[in-house]
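In this note's numbering, the protein residues as written are 1016 to 1199.
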């Protein structure tokens, strides 16, 4: 069923740290009026990089996660700089966080974090044909590199220190894409 988008009668904005909080005065097609809030991320976007060491093995990183106050296993991720494409940002982040570059970078899709109240999206980038290359990044300590077989994804998603939704989704997307596109 296709619905008519609500009418926006007004917006109010305020700064909220790394986000801009926007309040929307909305009227729905049935006449109901509500005020919704949404967060707009600052910056130029973000990337989640799925680096493949070989056809079956993804390279994960373990880094400090301040939100959970623990070390978390996940993908290389980061913000896009002004003027960067997702592929360029993915390669730079891969070099900074994992010490590898990639000759083959492919954006598979964008993921939203919480679309009911955030505008934030992240580009899922498949990185293949890796080579050693390190750039200085903003990490306060070297990240632990953890190779993981995609065939063992079921075991990975049950680990306590592997909980970030974008990483889980990106790995399933890449696994499916690789299965459907084996010759690419």
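Quick reminder that beta carbons are idealized off the backbone N, C-alpha and C, glycines included.
Do residue 1138 and residue 1063 have their C-beta atoms within less than 9 Å of each other?
The residue labelled residue 1138 in the question sits at position 123 within the chain shown. The residue labelled residue 1063 in the question sits at position 48 within the chain shown. Their beta carbons are under 9 Å apart, which means residue 1138 touches residue 1063 by this criterion.
State the CB to CB distance for the pair residue 1053 and residue 1033, rounded to an integer number of angstroms; the pair is presumed to be in contact (CB under 8 Å).
The residue you call residue 1053 lines up with position 38 of the chain shown. The residue you call residue 1033 lines up with position 18 of the chain shown. Not quite, the Cβ-Cβ distance comes to about 15 Å (not below 8 Å), so this is no contact.
Buried or exposed: where does residue 1107 fall if 16 or more other Cβ atoms within 10 Å of its Cβ makes it buried?
By 1-based counting over the chain shown, the position of residue 1107 is 92. It counts as buried.
CB-CB under 7 Å to residue 1025, same chain, minus the five flanking residues each way: which ones, in chain order?
As a working note, residue 1025 is residue 10 in the chain shown. Closer than 7 Å at the Cβ level, and outside the excluded window around residue 1025, lie 1040.
Ends of the alpha helix (DSSP H) at residue 1182?
Position 167 of the chain shown, counted from the start, is the residue given in the question as residue 1182. That run of the alpha helix (DSSP H) goes 1180-1195.
Could you tell me which residues DSSP pairs with residue 1133 in its beta bridges?
Mapped onto the chain shown, residue 1133 falls at position 118. Partner(s): 1054.
Out of curiosity, what's the CA-to-CA distance linking residue 1044 and residue 1132?
For the purposes of this step, residue 1044 is taken as residue 29 along the chain shown, with counting starting at 1. For the purposes of this step, residue 1132 is taken as residue 117 along the chain shown, with counting starting at 1. When rounded, the distance between both Cα atoms is 20 Å.
Check for me: the beta strand (DSSP E) holding residue 1169 runs from which residue to which?
Within the chain shown, the letter at position 154 stands for residue 1169. Note, residue 1169: premise wrong, no beta strand (DSSP E); alpha helix (DSSP H) at 1168-1171.
Of the residues 1088, 1126, 1083 and 1085, which one's Cα is nearest the Cα of residue 1101?
Locating residue 1101 in the chain shown gives position 86, where the first residue counts as 1. Here the closest residue by C-alpha is 1126.
From the DSSP output, in three-state form, read off residue 1101 for me.
Start at 1 with the first residue of the chain shown, and residue 1101 comes out as number 86. Residue 1101: helix per DSSP, three-state reduction.
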